[in-house]
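In what follows, a single structure is set out as structure tokens and then discussed.
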Amino acid sequence: MTPAGPDRHLALDGIRGIAVLGILLLNIFSFANPHAGYINPLAFGGDRPVDIAAWGLGFVLFEGKMRALFSLLFGASMLLVIDRARATGASGADVHFRRMGWLLVFGLAHHLFVWEGDILSQYAIVGALAFVFTSLPDKKLRLWAVGLLAASILMHATTMAGVYGLKASASAPGASPGVRRAYAAVEASFAQPGSADIRRDLAVHRGDYASIVTARAADALGSIQGVLSVYGLETLGLMLAGMLLLRNGFLTGGWNDARYRRWAVRAYLVGIPPLVALAWWNRATGFAPLPTFSTFLAWAEPFRYAVTLGHVAAAMLLLRRFAGNELETRLAAAGRMAFTNYLLTSLVMTSLFYGYGGALYGVLGRAELYLFVLAMWLAILAWSEPWLRRFRYGPFEWAWRSLSRGAAQPMRV
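Taking our numbering, I'd label the letters of the sequence shown as residues -5 to 407.
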């Protein structure tokens, strides 16, 4: 997911490295436990105070923010590749659509054979749509980005407001059996302890490799369509925002420290207090299905975007603090190999947790899972920089680049 060349942006690579590490803070719960526990901590993953604290920390600081950061960076990298192609007289469209086509192939293979939580398929499809915006001037690009994100917020808020309305109707004296059944069916779809979905999830992922792939294949199309319908507007809006933030220097380290510091403080003040309040409200309701799901889907959304921008600004300051340091070098190397490290993480984690490997699926609480995150972080930071001293690209970056160009690319430095 990274462009290559002598004019790389070290800051962009560093942020990308932080993103590929940070995404595991959330994905670990889907690798290790039923997805219901990702949304509702009482649905699965332990109800000890340390597990609830782990949920709260993840909800306020990381949930949705790492996904948003990946989307911003994907949009920025996409624009870099297209602009470089155009600058050399090549067709930006040809380069872009070949890249997105092969990314879709990688994504579908990843979804089917490794992990159903794949985001590459979504990025390939939405990224193809994003091409039409790459020539827009900044003002129009900003309007589209803000408009798409506002539309996503409105869509999710309207959906959940409708569910609350249905609940009120079903709870009213004299409500018809049909209305009550309708709400019961909706509520049953939310993440709840002991649900049939959780039992099915456990049975599938504790099985052998063939049974897991068969289950994925049966649900692949519906799963991808579902992700696009829920997150398509958000993803496109964030990709466009990433293009804009590339142009204005925010993602490339083009601002001074004071400006990044102001953005970090303001973004955190806008985003973190409401998210803390929402987390407290969810806890106060005993993680009741409707409040918990509506918070996850709708109420937290605008504040997630603010915290994401705060994270980028804070990360830029961190990278400057360690400029020339081993940490910056290794984070940038991890970022240059983000595609490989993302896929490698899936291979390692599914092998550890699924029935055909370490068979730890559904065994550990939320807090213990952070030990696996730390171990994977250390592995990524340890191997990425030595690899890039010998090779131009990560293994999957090389494969994607070679397939997109129709010829094997030089690999050795």
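From the three backbone atoms N, C-alpha and C, an ideal C-beta is built for every residue, glycine too.
Name the two residues that bound the continuous alpha helix (DSSP H) containing residue i.
i	result
residue 373	360 to 384
residue 114	114 to 124
residue 315	295 to 315
residue 138	132 to 165
residue 348	Run containing residue 348: none; DSSP gives neither H nor E here.
residue 21	18 to 26
residue 331	Premise fails: residue 331 is in no alpha helix (DSSP H) and is neither H nor E.
residue 281	Counting along the chain, residue 281 falls outside any alpha helix (DSSP H), and DSSP gives it neither H nor E.
residue 175	171 to 182
residue 55	43 to 55
residue 32	30 to 33
residue 83	Here residue 83 belongs to no alpha helix (DSSP H), and DSSP marks it neither H nor E.
On the CB-based measure, 16 or more other CB atoms within 10 Å of its CB, does residue i come out buried or exposed?
i	result
residue 172	exposed
residue 0	Only weak support exists for where residue 0 lies, its pLDDT of 39 falling under 50; the coordinates are left without a value.
residue 48	buried
residue 348	buried
residue 159	exposed
residue 27	buried
residue 7	buried
residue 134	exposed
residue 63	buried
residue 228	buried
residue 11	buried
residue 388	buried
residue 320	exposed
residue 175	exposed
residue 44	exposed
residue 230	buried
Is residue i near residue j, with beta carbons less than 8 Å apart?
i	j	result
residue 421	residue 341	Absent from the structure is residue 421, since the part of the chain shown begins at -5 and ends at 407.
residue 352	residue 345	yes
residue 36	residue 157	no
residue 19	residue 53	no
residue 22	residue 368	no
residue 292	residue 145	no
residue 154	residue 71	no
residue 192	residue 199	no
residue 69	residue 124	yes
residue 110	residue 217	yes
residue 408	residue 17	This structure leaves residue 408 out entirely; the chain is present only between -5 and 407.
residue 386	residue 405	yes
residue 58	residue 298	yes
residue 277	residue 46	yes
residue 304	residue 265	yes
Strictly by DSSP, which residues pair up with residue i?
i	result
residue 406	385
Requested in this report: Taking only runs that begin and end inside the stretch 196 to 274, name each unbroken alpha helix (DSSP H) of 4 or more residues, in chain order.
Outcome: Listed in chain order, the alpha helix (DSSP H) runs fully inside the stretch 196 to 274 are 203 to 241, counting runs of at least 4 residues.
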